[in-house]
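Chemist: Heads up: the sequence shown begins at 1 in UniProt numbering, then just goes up one per residue.
Would you mind keeping the following structure in view while I ask a few things?
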Amino acid sequence: MRPSRLNAARTADLWTACHRRPAQSSIPRAALLARRGLRIYATPSSSAPAVGEVEADPDLSQQQPDARFEVLGAPFSLLSVSLSASQNLYTRRGTLVSVSGKAENTVSTLSVLSPFTRGVLGVPFLYQRITSTSPITALIATKSPATSFATVHLDGRVDWILAQRSALLAWTGHGLTVRPSINPKLSIAHWGNSYISGRGLIGLVGKGQIYQISLKAGEEYVVHPSHVVAYSKTQQPPVPYRFMSSTFRFQIPSLSPVLPNTRFFNELRKSQGWKVAADLLFKLRTWARRSIWGDRLFLHFQGPTTVLLQSRGSRIFDSLSNREINEIADVPAGTVQEVLDKPAETPSVKSEPPPPATAVKFATVGQDKVEIKDRGA
């Protein structure tokens, strides 16, 4: 075969291979279109907007932001904060590594933020407020070697709730509000957490790598509370959830029905020793539920929402209190879903009873005889 014919044959084969249709998949097209996997990806390393976004106002796009958070390292181990003049930065005490810029213009002040409320909830309340009259760049790190950072940009439209007590590392923003949330009811999302609203930037820290999960409307996600770092606040907060299980439930029997109802045992129940023994048994039951059956406690999220997860879960004691653990364990599995699915009962309108009929009667008294007649008779 001549070289020209050989080249022509190769060109024809290459042209045929490029335009060859792929093999048809055995999976129906409707099934492929109906499926959608959850988007789980690592958090971005910078708080700057993504490349390719269209700005609504070109003049606003030319303005420099007041602050910028950028995560450095692989895995992320340092948080770089670029501040403009007169911008306040709050960072946890002992986490500041270095400052780049004019150090003589920088002022660091120890701030105590709601010590009584945060101290009771176990949330850190000692922070450093750093400000400067000239632009500076600060580096922030933690003492733990197995942590990573993530940044969240709040624009004022969506509020965030931090599920871990020590998740908040630093924040900046004149309109940003950070406050602890307290709710004595059974609500895991609002016990020992931090509620963040307004506009600004926050730097979060988690154990291991931090991943972001985006849920659309109608999607559901169940996750262990020790892995939840933060989530966006929506109209449907996460609710406690337990999977159906047929395992043996550890219960401490009550001795009250067994003991006879006598004065001796009644006085014994009122004694201090009986109360101490009951308290020890209560702590034993809580420890067993937390350590042995703690993996049965989960959080049920419903979209649309955004959840930040950490790859290394913390202790369940850091996420749930003794009261919440016992209340969740006492509730049968599936009760919460039944309550949510139960239609709301409309109050029935009760009509007022008709007024009693009035009648006038006459009594005629005679000799050894009393006769009673109606008025109309």
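Think of the CB as a built atom: it goes at the ideal place given N, C-alpha and C, for glycine as much as any other residue.
Between 302, 139, 144 and 158, which has its C-alpha nearest residue 68's C-alpha?
Modeler: Position 68 of the sequence shown, counted from the first residue, corresponds to residue 68. Out of 302, 139, 144 and 158, 139 has the C-alpha closest to the C-alpha of residue 68.
Chemist: Looking at residue 169: is its Cβ nearer than 8 Å to the Cβ of residue 92?
Modeler: Your numbering for residue 169 matches position 169 in the sequence shown. Your numbering for residue 92 matches position 92 in the sequence shown. Result yes, Cβ atoms of residue 169 and residue 92 sit closer than 8 Å.
Chemist: Whole angstroms is fine: what's the gap from residue 180's alpha carbon to residue 111's?
Modeler: Numbered from 1 along the sequence shown, position 180 holds the residue referred to as residue 180. Numbered from 1 along the sequence shown, position 111 holds the residue referred to as residue 111. Cα to Cα, the separation comes out at about 16 Å.
Chemist: Under the DSSP definition of a beta bridge, which residues are partnered with residue 171?
Modeler: To locate residue 171, count along the sequence shown from 1; it is residue 171. DSSP lists 90 and 202 as partners of residue 171.
Chemist: Is residue 264 helix, strand or coil when you go by DSSP?
Modeler: Here residue 264 is taken as the residue at index 264 of the sequence shown, counted from 1. DSSP places residue 264 in helix when its eight states are reduced to three.
Chemist: Under a three-way DSSP split, which group does residue 283 fall into?
Modeler: Residue 283 sits at position 283 when you count from the first residue of the sequence shown. Looking at residue 283 - three-state DSSP - the assignment turns out to be helix.
Chemist: May I have a chain-ordered list of the beta strand (DSSP E) segments no shorter than 3 residues that lie completely inside the segment 98 to 150?
Modeler: Whole beta strand (DSSP E) segments, 3+ residues: 106 to 112, 126 to 132 and 136 to 140.
Chemist: Hey, would you say residue 204 sits closer than 8 Å to residue 163, going by beta carbons?
Modeler: Residue numbering aside, residue 204 sits at position 204 when the sequence shown is read from its first letter. Residue numbering aside, residue 163 sits at position 163 when the sequence shown is read from its first letter. It is not a contact, given that the beta carbons lie outside the stated cut-off.
Chemist: Taking the beta strand (DSSP E) that residue 297 belongs to, which residues open and close that run?
Modeler: Position 297 of the sequence shown holds residue 297. Element bounds for residue 297: n/a, residue is neither H nor E.
Chemist: Can you look up residue 153 in the DSSP assignment and give me helix, strand or coil?
Modeler: The residue labelled residue 153 in the question sits at position 153 within the sequence shown. Correct three-state label for residue 153: strand.
Chemist: Is there a C-beta anywhere in chain D that falls below 8 Å from the one on residue 307?
Modeler: Absence of chain D from the displayed structure is noted, only one protein chain being present.
Chemist: Use the C-beta contact count for residue 88: other C-beta atoms within 10 angstroms, 16 or more gives buried, fewer gives exposed.
Modeler: As a first step, residue 88 must be located in the sequence shown, where it is residue number 88. With 16 or more other Cβ atoms within 10 Å, it is buried.
Chemist: Which term fits residue 310, buried or exposed, when burial requires 16 or more other beta carbons within 10 angstroms of its beta carbon?
Modeler: The residue given as residue 310 occupies position 310 in the sequence shown. Residue 310 should be labelled buried.
Chemist: Looking at C-beta atoms only, is the number of pairs between the segment 102 to 110 and the segment 152 to 167 that lie closer than 8 Å three or more?
Modeler: No contact exists between the segment 102 to 110 and the segment 152 to 167.
Chemist: Compare the Cα-Cα distances from residue 462 to each of 124, 99 and 141 and report the closest residue.
Modeler: Nothing in the structure corresponds to residue 462, since the chain is present only between 1 and 377.
Chemist: Going straight from the alpha carbon of residue 230 to that of residue 277, what length do you get?
Modeler: For the purposes of this step, residue 230 is taken as the residue at position 230 of the sequence shown. For the purposes of this step, residue 277 is taken as the residue at position 277 of the sequence shown. Near 39 Å, if we compare the C-alpha coordinates of residue 277 and residue 230.
Chemist: Roughly how many angstroms lie between the CA atoms of residue 302 and residue 66, to the nearest whole one?
Modeler: Working through the sequence shown from its first residue, we reach residue 302 at position 302. Working through the sequence shown from its first residue, we reach residue 66 at position 66. If I take the Cα positions, the gap works out to 34 Å.
Chemist: Identify the residues that DSSP records as bridge partners of residue 79: which are they?
Modeler: As a first step, residue 79 must be located in the sequence shown, where it is residue number 79. Answer is 71 and 140.
Chemist: Quick one: using the 10 Å Cβ neighbour count with 16 as the cut-off for buried, is residue 263 buried or exposed?
Modeler: Along the sequence shown, read from residue 1 onward, the residue named residue 263 stands at position 263. Exposed is the call here.
Chemist: Would you mind sorting residue 70 into buried or exposed? The rule is 16 or more other CB atoms within 10 Å of its CB.
Modeler: As a first step, residue 70 must be located in the sequence shown, where it is residue number 70. Classification for residue 70: buried.
Chemist: Would you kindly work out how many angstroms separate the C-alpha atoms of residue 224 and residue 115, rounded to a whole number?
Modeler: Within the sequence shown, numbered from 1, the residue matching residue 224 stands at position 224. Within the sequence shown, numbered from 1, the residue matching residue 115 stands at position 115. So the alpha carbons of these two residues sit roughly 29 Å apart.
Chemist: List the whole-angstrom C-beta distance separating residue 82 from residue 147, where the pair is believed to meet the contact cut-off of C-beta under 8 Å.
Modeler: As a working note, residue 82 is residue 82 in the sequence shown. As a working note, residue 147 is residue 147 in the sequence shown. Contact flag wrong, Cβ pair sits at about 22 Å.
Chemist: Please work out which residues of its chain come closer than 7 Å, Cβ to Cβ, to residue 173, disregarding the five sequence neighbours upstream and downstream, and give them in chain order.
Modeler: Looking up residue 173 in the sequence shown gives position 173. Once the five neighbours on either side are set aside, the close Cβ partners of residue 173 are 198, 199, 200 and 201.
Chemist: Keeping to the same chain, check which residues put their C-beta closer than 6 Å to that of residue 312; ignore five residues upstream and five downstream.
Modeler: Numbered from 1 along the sequence shown, position 312 holds the residue referred to as residue 312. Closer than 6 Å at Cβ, skipping near neighbours: 207 and 208.
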